[in-house]
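In my numbering, the protein residues as written are 935 to 1560. The beta carbon of each residue, even a glycine, is placed where N, CA and C say it ideally should be. Please read all numbers here as calculations on a predicted model, not as lab measurements. The structure under discussion appears below in the form of structure tokens.
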């Protein structure tokens, strides 16, 4: 695991070391640089596999290719055997060398063979091209941008901010996504000229030599993106519930065992929910022959509606783990500010704060932690998956109300009552969007020119396209739409940024290829029964885990915003609101101040206010031109 950086072009050479240093928390063990033709490759390493030999940047034996790679490929040993049979020799035990050699042997088709989480960049001396790739569901991040004829590729936005010549202009569409979904959705970021590589996508950049001799025209590369993995439709019949549970039991046990490969200490996040508790079960099962206790880590909240620590403790006791608990009272304003300072771009999921703090504690004991991320998205765990367009029929009264709203003859506050079918689903899906005059109107909070540039009418474009691609806004379509939106750009980004801020690698066995392949080809109905969603995992929980885990209502992993706003975070929020005109004159300070007054009184929409507060804190460190 690590931070990676690649640049092409002389314009970035003077600042390259500073840009690589911005990735130091992602790779505290070593920082190395390789000059390869017109490219510079930098690697900040967190050593996990082949600590002595797996150094990067890594070059091919013929010198043509050079690679920087971030991630873990869990089937690298099998791929290595296949490549050795084809005549390739290896100098290290690392998965990095397998990826590079696999690319030499199979070309881009190597992506179809990799089981794991990864983001990498390969420079080719033959034509000066750069090949980028990101894993299926975006577990690992990757960003790229062009400027002054050059290219920058990095694990996060932080290196871009260390390059003095790189433009810092607000991407209004990225801002729109952030305010709607708590995070920009790939390919958007908050910065206009920096692009996120979408999940399951690869891209080839090639310098455009045809423009070299044209005065006054900035050189741009030829960019060819390709979606190398597509979320599959359901193509198989549903097996019997017991048979599917038994099959999933074996798949999960195998996935966890595969992801225990490491040359450093491992542990697990243990929230007390079904997903993380099952991961601990399979870890304990796989490690039953070792004498060292399994190490687990959780957060204890004072508020009953947020605290899962009793269930976590029951799991820890069952498996005899060395259990470490972080008390939520430690998540004060100082922790909030420190956690947000480590974000490369705003992320308004409040769960980032406890995840960041828990990662700090966890890193004191282990280098790698397994997590239950992905369980809700792949196994239908969210209550919203119980909803569908068919549950919200249209009618004459709604038609009339929509007409009155369009004519300005009805108050905009009635917008929600006028919607039906997919439109109502979409309205519920976002914090802000294209709903003129209503409480969810994006335009209420932005200056007119920024609001126009944000194109509110496109707020739900990506999510809608994904849902339509896989069905008529039914459960299966909604589940799949979340894979490349909420899961990749929110949940996984949250865990990646929080953990890597402390040099901690987090693995997600529930998103192993075999589990994705099996679950996504089954009808979504297999995950739902009289008890709600996640039926398959609940069946396994009843089989393996204490009653305290599965015999209770589902809790989300987050923080109680209302009590924090009224207490420890109050002064910090005051400071953010006071700085609006200085940091973001393109925001409506009056509308946001009104949000804050409501939030501190325990009213209104605290999540939306938190989004603005996080944005304002981030802009203090990373000012942008509108």
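- With respect to the 7 Å criterion, residue 992 and residue 1056 are not classified as neighbours on the basis of their beta carbons.
- Under DSSP, residue 1004 forms a beta bridge with 1053.
- For residue 1285, the closest alpha carbon among the candidates 1541, 996 and 1344 is that of 1541.
- Assigned with DSSP and collapsed to three states, residue 1374 falls in coil, not helix or strand.
- Per DSSP, reduced to three states, the secondary structure at residue 939 is strand.
- Residue 1291 places its beta carbon less than 7 Å from that of residue 1260.
- Taken atom to atom, the span from the alpha-carbon of residue 998 to that of residue 1082 is near 25 Å.
- Between the beta-carbon of residue 1125 and that of residue 1103 there is about 7 Å, and that keeps the pair under the 8 Å contact cut.
- Assignment of beta-bridge partners to residue 1559 by DSSP yields 1103.
- In this structure, residue 1470 sits near residue 1179, with a CB-CB distance shorter than 7 Å.
- For residue 1245, the uninterrupted alpha helix (DSSP H) segment begins and ends at 1243 to 1253.
- Burial is judged here by how many other beta carbons sit within 10 angstroms of a residue's own beta carbon; residue 1136 has at least 16 and is buried.
- Counted as a single uninterrupted DSSP element, the beta strand (DSSP E) harbouring residue 1077 occupies residues 1077 to 1081.
- In this structure, DSSP gives residue 1487 a state outside helix and strand, which the three-state scheme calls coil.
- Taking the C-beta atoms as reference points, residue 1532 is found no nearer than 7 Å to residue 1524.
- By the neighbour-count criterion, in which 16 or more other beta carbons inside 10 Å mark a residue as buried, residue 1546 falls on the buried side.
- For residue 974, the closest C-alpha among the options 1250, 1107, 1170 and 953 is that of 953.
- For residue 1094, the enclosing alpha helix (DSSP H) starts and ends at 1092 to 1095.
- Residue 1079 holds the alpha-carbon nearest to the alpha-carbon of residue 1154 among 1165, 1175 and 1079.
- DSSP places residue 979 within a strand segment (E or B) once states are collapsed to three.
- A straight line joining the alpha-carbon of residue 1473 with that of residue 1213 spans about 14 Å.
- Just so you know, the alpha carbons of residue 1346 and residue 1401 end up roughly 27 Å apart.
- Taking the Cα positions, residue 1468 is about 49 Å away from residue 1061.
- Each of 1460, 1433 and 1555 was checked against the Cα of residue 1297, and the nearest Cα belongs to 1433.
- The residue from 1014, 1367 and 1131 with its alpha-carbon nearest to that of residue 1422 is 1131.
- The region 1411 to 1421 and the region 1314 to 1321 touch, with three or more beta-carbon pairs separated by less than 8 Å.
- The C-beta separation of residue 1426 from residue 1307 comes to about 6 Å, placing the pair in contact by the 8 Å criterion.
- The straight-line gap separating the alpha-carbon atoms of residue 1182 and residue 1176 is approximately 10 Å.
- Per the C-alpha coordinates, the member of 1451, 1041, 1496 and 1226 positioned closest to residue 1049 is 1451.
- For residue 964, the uninterrupted beta strand (DSSP E) run begins and ends at 964 to 970, by DSSP.
- The C-alpha of residue 1560 is placed about 11 Å away from the C-alpha of residue 1388.
- Apart from the 5 residues on each side of it in sequence, residue 1336 sits with its Cβ closer than 7 Å to the Cβ of 1352 in its chain, given in chain order.
- DSSP, reduced to helix, strand and coil, places residue 1257 within a strand of the structure shown.
- For residue 1136, the enclosing beta strand (DSSP E) stretches over residues 1135 to 1141.
- For residue 1463, the beta-bridge partners assigned by DSSP are 1466.
- If you draw a straight line from the Cα of residue 1032 to the Cα of residue 1243, it is about 41 Å long.
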